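Protein chains in written order, with this note's numbering: chain E, 1 to 213; chain Z, 214 to 426. For each residue, glycine too, the CB sits at the ideal point set by N, CA and C. Please read all numbers here as calculations on a predicted model, not as lab measurements.
2 protein chains.
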Amino acid sequence: MAKQAVVRQSLKEQIENILIDRIIEGDLAPGDRIKELTVAKEFGTSQAPVREAIRCIETLGYVDHVPHVGAMVKTFDKSQIKEAYQVREALEIYALPLISKGQDRLVVELEKCLAKMEHATKERDNRKFAKADNQFHRTIVASCNNKTMLAMWESLKMQSQIMSVLVDTILSIDEIYALHPPIVAAIKDENSDTVLLLKEHYKILEGYWESSK
Amino acid sequence: MAKQAVVRQSLKEQIENILIDRIIEGDLAPGDRIKELTVAKEFGTSQAPVREAIRCIETLGYVDHVPHVGAMVKTFDKSQIKEAYQVREALEIYALPLISKGQDRLVVELEKCLAKMEHATKERDNRKFAKADNQFHRTIVASCNNKTMLAMWESLKMQSQIMSVLVDTILSIDEIYALHPPIVAAIKDENSDTVLLLKEHYKILEGYWESSK
DNA sequence: CACTCATTTTTTATCGATAATATATTAAAC
DNA sequence: GTTTAATATATTATCGATAAAAAATGAGTG
């Protein structure tokens with residue numbers, strides 16, 4: 001029988017997760033203030049666990065914090081998103097060549113993501129597309145079995161989320177999709193240069209927001 | 214007249230910095246427990262700011278935290294250090310080619326680091342060497358003007374610090390030093406493949422601790 | 001009307017105390 | 001003597017209240 005894990009999360013943890021969710025999901029928009037006592041009141045707790053949660057999401061980079069004034073959801077400008085994507089690129093470029101031949105399970109995983117992306121493209125569901133796209137790239141980073149690296153990559157999800165908002169306004173969802181199948185094909189091929197394709201992918205993304213300043 | 218900045222740090226911030234320092238400097242060793250009220254008593258504060266500080270250094274990855282038990286300085290095993298060095302490598306490999314020709318100031322900076330490293334090597338001062346070595350690699354990452362990337366690189370300093378303890382036990386300080394001048398030379402040369410040398414650098418490091426399991 | 005300064009309000013920062021939980025200790029049972 | 005249960009102790013988790021700081025308000029002055 002599967003062990004029924006009794007989840008006993010501290011208030012701080014629960015509040016932290018909820019706040020992060022709200023930021024990621026856009027319920028808390030960049031610039032919005034997060035007032036400690038307001039949140040505390042909402043959850044029926046005291047100020048302390050809320051404070052701790054806020055400080056943690058501050059360290060995680062979700063909010064800016066001015067002493068004696070408070071926390072507000074971070075506003076990302078284009079240059080910060082660009083920076084985040086460079087880091088993503090750096091990590092993925094490192095991970096990709098480590099994918100040894102015959103990683104069938106990985107290819108299957110990536111193809112699943114491709115299918116989801118394609119489906120979302122046809123439905124013009126930007127949010128779903130962004131999610132599948134993220135999963136695609138995450139799979140690449142995860143493939144090299146480096147938890148530290150994966151954690152770093154994931155810590156950028158905030159910026160990636162912001163990016164996904166831009167999809168289909170600045171960027172065409174179809175064009176982004178088109179960048180991915182060749183990468184999977186190259187992994188299967190073994191002779192192709194996967195890294196080159198990935199660099200191309202990021203170059204094109206960068207080109208888009210450079211042109212839309 | 215230069216503005217005299219009145220530094221007004223919150224207790225939480227001060228405590229956080231002090232604790233991080235202690236961990237980095239080794240005054241708090243891996244496995245050591247950090248008790249909230251003990252720290253609070255030491256600094257003459259209440260528990261609250263100490264708690265916040267500890268939670269922050271927890272999200273920063275310096276300590277592990279077990280609910281209702283407390284925080285202890287993280288113990289890194291070899292595989293985690295290996296992971297951290299892979300991330301360092303990934304970021305530096307990305308940054309290095311971006312260093313365009315004629316970055317004289319950068320080369321000067323790197324040569325300063327080389328000098329410090331050489332000096333430390335002769336004096337057999339491992340700590341000083343590790344510091345200069347870190348500065349060398351940090352300079353490379355910093356060169357690409359990506360604050361996000363630099364922040365990520367720096368978040369690994371904990372692991373790098375641990376690594377420095379191993380210098381001259383597992384690793385010979387002279388051999389590590391020898392890996393660096395060629396990189397600077399290659400940057401100056403313009404025709405040489407800097408990335409290849411950097412990869413070589415990390416391959417050798419990895420080889421050392423692989424062999425010492 | 002604009003500007004300064006005092007006043008009030010809002011919100012964070014910190015405190016001291018209590019509740020909840022986990023660990024250590026002891027006692028009892030078999 | 002080992003195992004189980006009960007108790008005691010240590011420590012975190014949370015609370016409610018107060019202090020400190022910043023921002024907003026408003027009165028007075030040129």
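So that I know if they touch, is there some Cβ in chain E lying closer than 8 Å to that of residue i?
i: L304 (chain Z); result: yes
i: A284 (chain Z); result: no
i: P361 (chain Z); result: According to the sequence provided, residue 361 (chain Z) is Thr. The question's Pro does not apply to it. With 8 Å as the cut-off, T361 (chain Z) counts as an interface residue toward chain E.
i: M365 (chain Z); result: yes
i: L232 (chain Z); result: no
Just checking: is the beta-carbon of residue i within a distance shorter than 8 Å of some beta-carbon in chain Z?
i: C113 (chain E); result: no
i: Y202 (chain E); result: no
i: V87 (chain E); result: yes
i: S10 (chain E); result: yes
i: Y177 (chain E); result: no
i: Q14 (chain E); result: no
i: Q80 (chain E); result: yes
i: A84 (chain E); result: yes
i: T59 (chain E); result: yes
i: P67 (chain E); result: yes
i: Y94 (chain E); result: yes
i: G207 (chain E); result: no
i: L196 (chain E); result: no
When DSSP builds the beta bridges, which residues end up paired with residue i?
i: A391 (chain Z); result: Bridge partners of A391 (chain Z): none, in fact.
i: R33 (chain E); result: E:M72
i: D277 (chain Z); result: Z:M285
i: L156 (chain E); result: Its beta-bridge partners do not exist; DSSP assigns none.
With a 10 Å radius around its C-beta and 16 neighbouring C-beta atoms as the bar for buried, classify residue i as buried or exposed.
i: N191 (chain E); result: exposed
i: V6 (chain E); result: Here V6 (chain E) scores only 49 on pLDDT, less than 50, and its place in the model is too uncertain to base an answer on.
i: N230 (chain Z); result: exposed
i: T334 (chain Z); result: buried
i: E83 (chain E); result: buried
i: A252 (chain Z); result: Per the sequence shown, the amino acid found at residue 252 (chain Z) is Val instead of Ala. Per the 10 Å Cβ criterion, buried.
i: Q4 (chain E); result: Low confidence applies here, because Q4 (chain E) scores a pLDDT of 39, under 50, leaving its location unreliable; read the following figure in that light. Label assigned to Q4 (chain E): exposed.
i: E109 (chain E); result: buried
i: N358 (chain Z); result: exposed
i: Q9 (chain E); result: exposed
i: T169 (chain E); result: exposed
i: L97 (chain E); result: The sequence given here places Pro at residue 97 (chain E); Leu does not occur at that position. When all chains shown are included, P97 (chain E) counts as exposed.
i: S172 (chain E); result: exposed
i: S46 (chain E); result: exposed
i: A185 (chain E); result: exposed
i: D104 (chain E); result: exposed
i: E210 (chain E); result: exposed
i: H68 (chain E); result: exposed
i: K483 (chain Z); result: The first residue shown for chain Z is 214 and the last is 426, placing residue 483 (chain Z) beyond what the model contains.
i: A29 (chain E); result: exposed
i: T288 (chain Z); result: exposed
i: K35 (chain E); result: exposed
**Cβ-based contacts, 8 Å cut-off: residues of the stretch 247-267 of chain Z near chain E** = A261, R264, E265
**Asked** In chain order, which beta strand (DSSP E) runs of at least 3 residues are fully inside the stretch 124-151 of chain E?
**Response** none
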